[in-house]
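Asker: The following block contains the structure, expressed as structure tokens.
Shown next as structure tokens:
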């Protein structure tokens, strides 16, 4: 057996929080603490920003009990950052890692975080400083290359399914048009998960629009109109990032100048503007009275008490595997989740950082219907296992109608 | 023992759905089916509208199994209505009830529904038609007179607490101002329940605004500014119905003309306009960059999988009691929930319909702090038992900070 490189482990979390991101944190800490050549396990506060600032917690001295309690808590326990490091920033990070004798760096994050890790990894190699860098996937957007699906997605998808499940029942009781705006700039996986709310034939969402297909305002009105005629109600799930055929955000088409900051950037999250604009568009054009819109916003990202058990287990296991790849195989990379058969098991592989770093995965064509307003059976097969066990199944009254008395008289 | 009036029972559901309203439906059906003098149990579809239309289901022929499954399903299984019956409408309802030999009418609803029932009850008395009318309370707003609290509120409060629980963790990871707009036109109970998200000293919501206190835009800015200076972040919970000191909706102060329909009515629910306007107001005046807003909208009303067990039990029991009052005591009225001691038991009383009908209860003064931006200990004592068991408690890392190496050198 070869001697292992003695030194410290650092773990950090980047980008938007998820419901299970602390499962990965706890997985790294508990697994790394098993190895005798690991002298300390540090956590950087506020992601890469904490490295620059030398803002570390000594997680070697955290109790297992509390680590397990933190694992069940949504949102980054090590706090997060939106810093997008350039090469100079990465170089300064690397200097701090060297000063602290950190030889293993685990970064839990999405596309941007994996790209940061790739650059840090290259800096270390050029300086001939031994630094194992392993990326642990995390994103509610589910848009990392090489992965069948990403930790964090299953729980957010469960929230979206449960939200539309309730909205469907509400809208059935008090009919009208309902538009739910779901997070997702470039990938529609999260919005598409709304399909799991459907149990009965007339259940919504009746229409699902994702960024992978151009959003045409006239076709949208036609879809809503047809659904209203068929069911007397219409539930729409739409990604915040939908664009027209030319790639322009729909918001700029509906309300030119609205929802943009001083630099002309369209703010997609943290505002109800798109939902309200779509609502007005339907009201004005179809002359419908009861049209409502909700923007799911931050609720879908770390709602307390909505976790997919499978997602939690995989977030933990992906982190354990990350440590094992670094310790036993002594290689860098990104942990990728594979699914050998649709229904259902997972394997973890380590793939080169460059295969994942800064890239975006989109929904497969096979997941979307031809009309561009719904999902296929293939997507149901894909998404159903990810939201975990114990999904609630709404029930309906099935008792027979009573024959009218007064109406009977007059006819 | 006196002979009981033989005849049919009718149950209906009115107004906005709740997560536990079908517990009350199932409670009425199962309890009423026990009595031999009850010939049928009917359910009216779409509330009072179903009475006018003679649109009844024969719930005598519904399975107990399915009734129990429906009880667990959020939102009105008998569907609902926003019809506000006038005296003529009530008279037509009464005619249908007579035509079908219905002698017991149970209506699950809020302020408006209890007022409808009061008028129907009076019509029947004038016509000397025997009709027991019992109102079963239901509202997420918790604003029915005579009640310590109302079925439906506990589950919605649980949703709001869990939503702010997640939002607090998210906002701690990525700091900024967050404004969450909660349902509530006249009563702030639901918004105030956000206080249950706080576990650690710096947890949000830091500011809570309810309709019972005038909302002053300048004081609001001062509150946010002070909180940002203290914690570097600020979470606000605000009722959709907040008004200025003169009773004007805040929306009309922030964006005159916006969010109003052709008749000048301000649409409060089903739009993100108030949240967005408050967000812009903070951004513009405090020159803060990261300000976000969510409007909880319909998610808080019937989100699948977020039920207070206590709320579910009480919704069931209030309905059972309603049937028992009608059958054994042969009286009309509204079932009211009392709480003999704060921590915790309930009694059910039947109070006159006129005590509840069309009236609105507001939060007690003792529940609100003097500054008008938060709740008191008394409110915690009040609300904590209502959200039920198994509330998640977030955990934090408590490991010690690591002494800096590079910063140490330079100092």
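Residue numbers (my numbering), protein chains in the order written: chain S, 43 to 453; chain H, 43 to 453.
Just so you know, even glycine gets a beta-carbon here, dropped at the ideal spot from N, CA and C.
#1: Taking C-alpha atoms, which residue in 427(S), 177(S) and 417(S) lies nearest to residue 381(S)?
#2: Counting only beta-carbon separations shorter than 9 angstroms, does residue 439(H) have a partner in chain S?
#3: As a quick exercise: from 95(S), 448(S) and 81(S), pick the residue whose alpha carbon is nearest that of residue 50(S).
#4: Of the residues that make up the region 399–421 of chain H, which ones have a beta carbon closer than 7 angstroms to any beta carbon in chain S?
#5: Strictly by DSSP, which residues pair up with residue 281(S)?
#6: At what residues does the alpha helix (DSSP H) containing residue 133(H) begin and finish?
#7: Can you name the start and end residues of the alpha helix (DSSP H) that residue 107(S) belongs to?
#8: Sort 75(S), 200(S) and 144(S) by Cα distance to residue 224(S) and report the nearest one.
#9: Among the residues of its own chain, which have a CB less than 7 angstroms from the CB of residue 160(H), if the five just before and after it don't count?
#10: Which residues, in chain order, does the region 93–105 of chain S contribute to contact with chain H at a C-beta distance below 7 angstroms?
#11: How about residue 448(H): is its C-beta nearer than 9 angstroms to some C-beta of chain S?
#12: Quick one: which chain S residues come within Cβ less than 7 angstroms of residue 163(H)?
#13: Against chain S, with Cβ distances strictly below 9 angstroms, would residue 43(H) count as a contact?
#14: With burial defined as no fewer than 16 other Cβ atoms inside 10 Å of the residue's Cβ, what is the status of residue 158(S): buried or exposed?
#15: Using CA coordinates, which residue listed in 70(S), 341(S) and 318(S) is at the minimum distance from residue 58(S)?
#16: Leaving out the 5 sequence neighbours to the left and right, which residues in its chain are closer than 6 angstroms to residue 43(S) when beta-carbon positions are compared?
#17: Could you check whether the Cβ of residue 321(H) sits closer than 9 angstroms to any Cβ belonging to chain S?
#18: Going by C-alpha to C-alpha distance, which of 172(S), 136(S), 48(S) and 76(S) sits closest to residue 374(S)?
#19: Need the endpoints of the alpha helix (DSSP H) that residue 269(H) sits in, please.
#20: Pull the bridge partners of residue 391(S) from the DSSP assignment, please.
#21: Since residue 434(H) meets chain S, which of its residues come closer than 7 angstroms, beta carbon to beta carbon?
#22: Could you say which of 246(H), 263(H), 280(H) and 417(H) lies nearest to residue 228(H) if we only look at CA atoms?
#23: The alpha helix (DSSP H) spanning residue 200(S) covers which residue range?
#24: Taking a Cβ distance cut-off of 7 angstroms, strictly less, list which residues of the region 349–377 of chain S are near chain H, in chain order.
#25: For residue 78(S), count neighbouring Cβ atoms within 10 angstroms of its own Cβ and tell me buried if that reaches 16, exposed if not.
#26: Show which residues of chain S have a CB atom less than 8 angstroms away from the CB atom of residue 59(H).
#27: Measure from the alpha carbon of residue 165(S) to the alpha carbon of each residue in 190(S), 248(S), 322(S) and 135(S), then state which is nearest.
#28: When you compare only the Cα positions, how much space is there between residue 362(H) and residue 67(H)?
#29: When you compare the CB of residue 339(H) with every CB in chain S, is at least one pair closer than 9 angstroms?
#30: If residue 237(H) sits next to residue 417(H), beta carbons under 8 angstroms apart, how far is it from one beta carbon to the other, in whole angstroms?
#31: Please classify residue 100(S): does DSSP put it in a helix, a strand, or coil?
#32: Go ahead and label residue 155(S) buried or exposed: buried means 16 or more other beta carbons lie within 10 angstroms of its beta carbon, across all protein chains shown.
#33: With burial defined as no fewer than 16 other Cβ atoms inside 10 Å of the residue's Cβ, what is the status of residue 275(S): buried or exposed?
Answerer: On the basis of the data shown:
#1: Cα-wise, what sits closest to residue 381(S) is 427(S).
#2: Closer than 9 angstroms: yes.
#3: The residue from 95(S), 448(S) and 81(S) with its alpha-carbon nearest to that of residue 50(S) is 81(S).
#4: Residues passing the 7 angstroms Cβ filter: none.
#5: DSSP output for residue 281(S) lists 224(S) as bridge partner(s).
#6: Where residue 133(H) is concerned, the enclosing alpha helix (DSSP H) starts and stops at 129–141.
#7: Taken as a continuous stretch (DSSP letters only), the alpha helix (DSSP H) holding residue 107(S) covers 106–113.
#8: Comparing Cα-Cα distances from residue 224(S) to each of 75(S), 200(S) and 144(S), the minimum goes to 200(S).
#9: Excluding positions up to five away in sequence, the list reads 395, 396 and 399.
#10: Those residues of the region 93–105 of chain S that come within reach of chain H (Cβ to Cβ, closer than 7 angstroms) are 96, 98, 99, 100, 101, 103 and 104.
#11: Yes, residue 448(H) counts as interfacial toward chain S.
#12: Residue 163(H) does not reach chain S, its nearest Cβ partner there being about 21 angstroms away, counting only Cβ pairs nearer than 7 angstroms.
#13: Because residue 43(H) sits at a pLDDT of 44, beneath the cut-off of 50, its placement in the model cannot be relied upon, and the point is left open.
#14: When all chains shown are included, residue 158(S) counts as buried.
#15: Ranking the options by Cα distance to residue 58(S), first place goes to 341(S).
#16: Summary for residue 43(S): the model assigns pLDDT 44, below 50, so the residue's position carries little reliability, and this model does not support an answer.
#17: At a cut-off of 9 angstroms between beta-carbon atoms, residue 321(H) makes contact with chain S.
#18: Cα-wise, what sits closest to residue 374(S) is 172(S).
#19: 259–273 is the span of the alpha helix (DSSP H), which, as asked, contains residue 269(H).
#20: Paired residue(s): 378(S).
#21: Here the neighbours are 346 and 347.
#22: Nearest C-alpha to residue 228(H): 280(H).
#23: 195–215 is the span of the alpha helix (DSSP H), which, as asked, contains residue 200(S).
#24: Identification of residues in the region 349–377 of chain S having a C-beta nearer than 7 angstroms to some C-beta of chain H yields an empty set.
#25: Exposed.
#26: Below the 8 angstroms Cβ cutoff, chain S contributes 211, 212, 215 and 216 as neighbours of residue 59(H), in chain order.
#27: Taking only the C-alpha atoms, the option nearest residue 165(S) is 135(S).
#28: A direct Cα-Cα distance of roughly 9 angstroms separates residue 362(H) from residue 67(H).
#29: So, interface residue.
#30: Their Cβ separation, rounded to whole angstroms, is 5 angstroms, which keeps residue 237(H) and residue 417(H) in contact under 8 angstroms.
#31: Strand at residue 100(S).
#32: Buried: at least 16 other Cβ atoms inside 10 Å.
#33: Residue 275(S) sits buried, since 16 or more C-beta atoms from the chains shown fall within 10 Å of its C-beta.
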